[in-house]
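Undergrad: Mind looking over this structure? Questions follow.
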DNA sequence: GTCTATAAATCGATAGAC
DNA sequence: GTCTATCGATTTATAGAC
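Chains as they are written, first to last, in the working numbering: chain D, 2 to 198; chain G, 2 to 198.
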């Protein structure tokens with residue numbers, strides 16, 4: 002048994018928050034690849050090693066900077082594990098489960114609303130393509146992955162805007178099952194179907 | 002009885018056009034909320050009250066600003082005239098011709114950037130569903146028109162955001178023909194294919 | 001002019017001292 | 001909790017061969 006702790010905890014000052022703020026600023030301004038861990042550390046006034054100490058890898062830092070309640074990489078595991086067959090449907094199931102949960106939807110909507118400004122656009126691009134779809138395409142071993150994934154993105158982003166942001170009926174009220182049944186063949190075609198050209 | 006009017010008419014010189022140009026410039030550069038009626042008036046070199054006199058509310062001004070080159074009902078005629086068969090492809094051809102023309106794209110992008118705020122959302126909803134897709138569904142005599150049209154909207158809006166706003170590659174650089182070939186079957190399915198439920 | 005080889009700089013990440 | 005030192009990989013730039 003440990004004695005009840007008194008006074009100031011060993012915990013961090015505001016260093017962690019400073020790093021997070023610096024990361025958000027950097028990622029928003031310059032995008033993921035052009036924002037180095039070192040530059041984040043410099044902005045926060047700390048050493049680069051501290052960034053890793055608090056947040057792990059650079060990917061982890063980015064996810065933390067987005068302030069999401071779910072770790073996309075974890076949520077997308079079931080999508081990837083089943084292989085290409087039925088990946089469209091599984092992707093949609095994860096998609097609606099995340100977006101229909103208010104706890105996760107609200108931070109994501111905040112991200113989407115940043116679409117008006119260049120920094121928000123950069124964040125969205127990296128968030129959607131790099132953190133969410135990129136790993137999926139890699140794990141599925143897609144051919145022409147960038148092309149296919151940008152098609153998938155175009156449909157998913159459209160659903161986000163029309164269903165969750167603009168709340169256009171009747172799409173906004175469609176059940177999970179109907180939504181999955183409607184879009185699964187389309188996404189499956191984008192992921193694995195023939196491509197023109 | 003009023004005496005016959007003499008001298009200079011109350012009518013406008015080119016003031017109306019000047020206001021419209023100023024509005025277009027402001028909305029395209031800064032979006033709806035950050036473009037004040039006062040700033041539009043100032044750019045046009047007139048009084049703010051004149052803006053309201055010519056165009057009514059700020060929303061009206063916005064709509065007028067983006068209704069410049071193309072009349073949606075006119076542009077969509079070829080889509081509607083051919084009937085349901087091939088309507089997806091014809092809709093896409095009109096879509097890309099409008100969005101790949103900078104003259105029409107810039108004001109439309111200003112509209113899209115308004116999705117961050119409720120007023121902009123309302124304008125976008127009306128713009129997409131009532132002005133563009135609504136008449137199409139009506140003329141084609143679609144069954145379950147609202148449902149089908151919200152599906153079509155979800156894909157078109159997604160293309161707008163990913164290709165024209167975020168400029169995600171390779172979708173952003175895809176040729177007209179490839180884009181049409183890719184999305185036409187999907188839109189055709191939304192318009193005329195089977196629906197779950 | 002084009003391609004290859006190599007040098008220099010930068011980056012992500014880890015281990016260990018204080 | 002914080003920093004120094006450092007490894008291994010990637011990228012960028014330069015030089016030289018053909």
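Cβ coordinates follow ideal geometry from the N, Cα and C atoms, glycine included.
No experiment lies behind these values; they were computed from the predicted model shown.
1. Below 7 Å CB to CB, which residues in the same chain sit around residue 80 of chain D once its five sequence neighbours on both sides are set aside?
2. Using a C-beta to C-beta distance shorter than 7 Å, which residues of chain G count as neighbours of residue 182 of chain D?
3. Between residue 170 of chain D and chain G, is there a C-beta pair that is closer than 8 Å?
4. Since residue 116 of chain G contacts residue 166 of chain D with CB under 8 Å, what's their CB separation in whole angstroms?
5. Using 8 Å as the limit for Cβ to Cβ distance, is residue 167 of chain G near chain D?
6. Determine, using beta carbons only, whether residue 154 of chain G comes closer than 8 Å to chain D.
7. What does a CB cutoff of less than 8 Å around residue 186 of chain D pick up in its chain, not counting 5 residues either side in sequence?
8. Using C-beta distances below 8 Å, list every residue in its chain close to residue 84 of chain G, excluding the 5 sequence neighbours before and after it, in chain order.
9. So, with DSSP's three-state summary, where would you put residue 192 of chain G?
10. Under a CB-based cut-off of 8 Å, is residue 98 of chain D close to chain G?
11. Give me the subset of the segment 86–114 of chain G whose CB atoms are less than 7 Å from a CB atom of chain D, sorted by chain position.
12. Measuring only between beta-carbons, confirm whether residue 120 of chain D sits less than 8 Å from chain G.
13. Chain D partners of residue 136 of chain G, CB-CB under 9 Å?
14. Using a beta-carbon distance cut-off of less than 7 Å, what residues from the segment 63–87 of chain D approach chain G?
15. Pull up the distance between the alpha-carbon of residue 129 of chain D and that of residue 76 of chain G, whole angstroms please.
16. Cutting at 8 Å between CB atoms, please list the residues of its own chain near residue 10 of chain D, excluding the five before and the five after it.
17. Could you check where the alpha helix (DSSP H) with residue 116 of chain G kicks off and where it finishes?
18. Distance check for residue 110 of chain D and residue 44 of chain D, CA to CA, integer angstroms please.
19. So, at 8 Å on beta carbons, what are the nonlocal neighbours of residue 139 of chain G in its own chain, with the 5 sequence-adjacent residues on each side left out?
20. Alpha carbon to alpha carbon, how far is residue 72 of chain G from residue 113 of chain G? Give it in angstroms, no decimals.
21. Let me make sure I understand the geometry here. Which of G:104, G:35, G:172 has the alpha-carbon closest to that of residue 121 of chain G?
22. For residue 198 of chain D, I'd like the list of residues in its chain whose CB is within less than 6 Å of its CB, leaving aside the five on either flank, ordered along the chain.
23. Per DSSP, what kind of secondary structure is residue 7 of chain D in: helix, strand or coil?
24. Does the beta-carbon distance from residue 203 of chain G to residue 163 of chain G come in below 8 Å?
25. Under three-state DSSP, which class holds residue 105 of chain D?
26. Answer with yes or no whether the minimum CB distance from residue 193 of chain G to chain D is below 8 Å.
27. Going by CA-CA distance only, name the one from D:38, D:149, D:118, D:68 that's closest to residue 1 of chain D.
28. Which residues bound the alpha helix (DSSP H) around residue 55 of chain D?
29. With DSSP run on the structure shown, which of helix, strand or coil describes residue 136 of chain D?
30. So what's residue 174 of chain G in DSSP terms, helix, strand or just coil?
31. I need the DSSP call for residue 179 of chain G, collapsed to helix, strand or coil.
32. Does the Cβ-Cβ distance between residue 41 of chain G and residue 16 of chain G come in under 8 Å?
33. Taking CB distances under 8 Å as the criterion, tell me whether residue 151 of chain D reaches chain G.
34. Less than 8 Å between C-beta atoms, sequence neighbours within five positions excluded: which residues of the same chain meet that for residue 99 of chain D?
35. Should residue 66 of chain D go down as buried or exposed, given a rule of 16 or more other Cβ atoms within 10 Å for buried?
36. Counting only beta-carbon atoms, is residue 20 of chain D nearer than 8 Å to chain G?
TA: So, from the listed chains and residues:
1. 88, 91, 92, 95, 137
2. 197
3. yes
4. The Cβ separation is near 6 Å, so the contact holds.
5. yes
6. yes
7. 89
8. 141
9. helix
10. Among the residues facing chain G, residue 98 of chain D is not included, as its CB has no counterpart in that chain under 8 Å away.
11. 114
12. no
13. Those within 9 Å of residue 136 of chain G in chain D number zero; the least Cβ separation is about 16 Å.
14. none
15. 33 Å
16. Since pLDDT at residue 10 of chain D reaches only 45, below the 50 mark, its modelled position is unreliable, and no value is offered.
17. Segment: none, residue 116 of chain G is in no alpha helix (DSSP H) and carries neither H nor E.
18. 27 Å
19. 146
20. Those two C-alpha atoms are separated by around 18 Å.
21. G:35
22. none
23. With a pLDDT of 45 at residue 7 of chain D, under the threshold of 50, the predicted position of this residue should be treated as unreliable, though the coordinate-derived value follows. Reduced to three states, the DSSP call for residue 7 of chain D is coil.
24. A query on residue 203 of chain G cannot be resolved here, the shown segment of chain G reaching from 2 to 198 and no further.
25. helix
26. no
27. Residue 1 of chain D lies beyond the range of chain D shown here (2 to 198); nothing can be said about it.
28. 49–56
29. helix
30. helix
31. Residue state for residue 179 of chain G is assigned as helix, using DSSP reduced to three classes.
32. It is not a contact, given that the beta carbons lie outside the stated cut-off.
33. yes
34. 71, 76, 105, 106, 109
35. buried
36. no
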